[in-house]
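Asks: Handing you a structure now.
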Amino acid sequence: MQQTTSVSTLWAHFVPVAEIPIGFDTGRMSRLDRYVVREVRSVRGEAPPALRRGTGLARLESEAPIRFFNNGYKESGGFLLHGAVQHLHYTGRGEQTELKTLSRPELAASVETTAVLIPIGKSPGWWAMSQDERQILFQKTARHEGHFGIGRKYADRIFRRLYHTRYIDPAAPYDFLTYFEFNEADAPDFRKMISELRDVKSNPEWLYVDFEYEVWMTKLSLSAEPSS
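Numbering (this note's numbering), first residue to last: 1 to 228.
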């Protein structure tokens with residue numbers, strides 16, 4: 001099985017609200033959400049210095065890249081986290097059907113809605129393996145529960161979306177953006193899920209993760225103003 005390098009037409013950009021130009025036409029966005037950052041947690045690697053508590057973030061999804069973020073962005077001291085939705089590379093048809101049945105939808109903006117963004121980079125050893133070799137590490141076996149087995153236990157409480165970056169921005173220090181939403185009351189379950197995913201005895205795939213940090217946010221209504 002060969003991994004495709006094509007990307008979906010659904011692109012996502014996580015950017016500081018302050019960096020969005022005045023008069024920017026949001027009508028062509030398929031999604032526009034706003035957040036305020038509560039905490040940035042280093043795991044392996046550091047977040048951009050400008051990404052810190054109190055930062056107002058926007059998530060923009062569109063059918064094409066947003067070009068005004070491409071020129072002079074890094075030089076300005078800002079940051080851009082972006083990716084594109086692709087098909088699920090390591091999930092079989094039966095697993096996809098099961099996930100659609102189990103998975104909760106995105107939550108409405110609320111002070112009780114927590115969002116966590118985790119940029120993740122995989123090691124050269126991961127990308128040197130074949131698609132089939134990588135897929136085995138995701139599956140449940142007699143020896144380990146695997147990524148899918150762990151994630152499905154929490155799918156009814158934790159919304160997840162994966163964005164791919166590796167093939168659209170090879171210079172980025174991360175290969176994926178993993179985005180989660182859940183009620184604040186379910187935060188202990190989220191922490192437990194992440195702990196299980198990082199346990200390489202239960203999920204050997206995580207042996208190949210060499211870059212990650214967590215951005216904890218509150219999902220705001222579009223009219224709300226973030227406060228530091």
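Beta carbons are placed, not taken as given, at the ideal position from N, Cα and C, and that holds for glycine. Keep in mind that this is a model prediction, so the values were computed, not measured.
Which residues in the same chain have their Cβ closer than 7 Å to the Cβ of Glu106, if we skip the five residues on either side of it in sequence?
Replies: Once the five neighbours on either side are set aside, the close Cβ partners of Glu106 are Phe159, Glu181.
Asks: For the segment 169 to 180 and the segment 117 to 125, state whether three or more C-beta atom pairs, one from each stretch, are separated by less than 8 Å.
Replies: Yes, the segment 169 to 180 touches the segment 117 to 125.
Asks: Span of the alpha helix (DSSP H) holding Lys192?
Replies: First-last of the alpha helix (DSSP H) with Lys192: 187 to 198.
Asks: In angstroms, rounded to a whole number, what distance separates the CA positions of Leu10 and Thr141?
Replies: Going by the C-alpha atoms only, they are around 33 Å apart.
Asks: What do you reckon, are the CB atoms on Phe79 and Pro48 nearer than 7 Å?
Replies: Going by C-beta atoms, Phe79 is nearer than 7 Å to Pro48.
Asks: What separation, rounded to the nearest whole angstrom, lies between the Cα atoms of Ile22 and Glu205?
Replies: Their Cα atoms are separated by approximately 43 Å.
Asks: For my contact list, Tyr213 and Glu46 are in at a C-beta cut-off of 8 Å; report their separation, rounded to the angstrom.
Replies: Rounded, the Cβ-Cβ distance is 7 Å, consistent with contact.
Asks: Just how far apart, CA to CA, sit Glu39 and Val116?
Replies: Their backbone Cα atoms lie some 10 Å apart in a straight line.
Asks: When you compare each of Tyr167, Gly125, Ile194, Ala18 to Ala155 by their alpha carbons, which one comes out closest?
Replies: Nearest of Tyr167, Gly125, Ile194, Ala18 to Ala155, Cα basis: Ile194.
Asks: Where does the unbroken beta strand (DSSP E) through Phe211 begin, and where does it stop?
Replies: Its beta strand (DSSP E) spans residues 209 to 220.
Asks: In whole angstroms, what is the alpha-carbon distance linking Leu230 and Phe24?
Replies: A query on residue 230 cannot be resolved here, the shown segment of the chain reaching from 1 to 228 and no further.
Asks: Identify the residues that DSSP records as bridge partners of Ala84: which are they?
Replies: Per DSSP, Trp11, His164.
Asks: Could you pull the start and end residues of the beta strand (DSSP E) that Pro119 belongs to?
Replies: Where Pro119 is concerned, the enclosing beta strand (DSSP E) stretches over 113 to 122.
Asks: Which of the three DSSP states is assigned to Asp169 in this structure?
Replies: Reduced to three states, the DSSP call for Asp169 is coil.
Asks: Tell me, please, which residues DSSP counts as bridged to Val37.
Replies: Met217, per the DSSP bridge assignment.
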